[in-house]
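These notes are about the structure you will find just below.
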Amino acid sequence: MPGLEVEFEDARSQEFMHCWCSGMLRALKEGPLLPLAPGAEVYRFTWIPSSSASSTEALSTPCT
Numbered sequence: 451m452p453g454l455e456v457e458f459e460d461a462r463s464q465e466f467m468h469c470w471c472s473g474m475l476r477a478l479k480e481g482p483l484l485p486l487a488p489g490a491e492v493y494r495f496t497w498i499p500s501s502s503a504s505s506t507e508a509l510s511t512p513c514t
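Under our numbering, the letters of the sequence shown match residues 451 to 514, in that order.
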């Protein structure tokens, strides 16, 4: 989503976040969102609370 990009202080922080997020998505048995059909958009919303179970939902828009 435009405007929600994360800026990292250094490459090590970026790598840590990538590994952590990837691990959480694997634990939720979420597959990759790519490849997409031309013109399609997919948004994945992931809820990872500290005191209850995590969940995720993917929403897609049709190709135009």
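All C-beta atoms, glycine included, are put in the ideal place defined by N, C-alpha and C.
Source: prediction; values computed, not measured.
Check, Outcome
"Through-space distance from residue 468 to residue 498, alpha-carbon basis", "15 Å"
"Backbone CA spacing between residue 491 and residue 482 [nearest angstrom]", "13 Å"
"Separation of residue 471 from residue 459, as counted between CA atoms", "17 Å"
"Span separating the alpha-carbon of residue 478 from that of residue 511", "22 Å"
"Element boundaries [beta strand (DSSP E), containing residue 510]", "505-511"
"Euclidean distance between Cα positions of residue 461 and residue 502", "31 Å"
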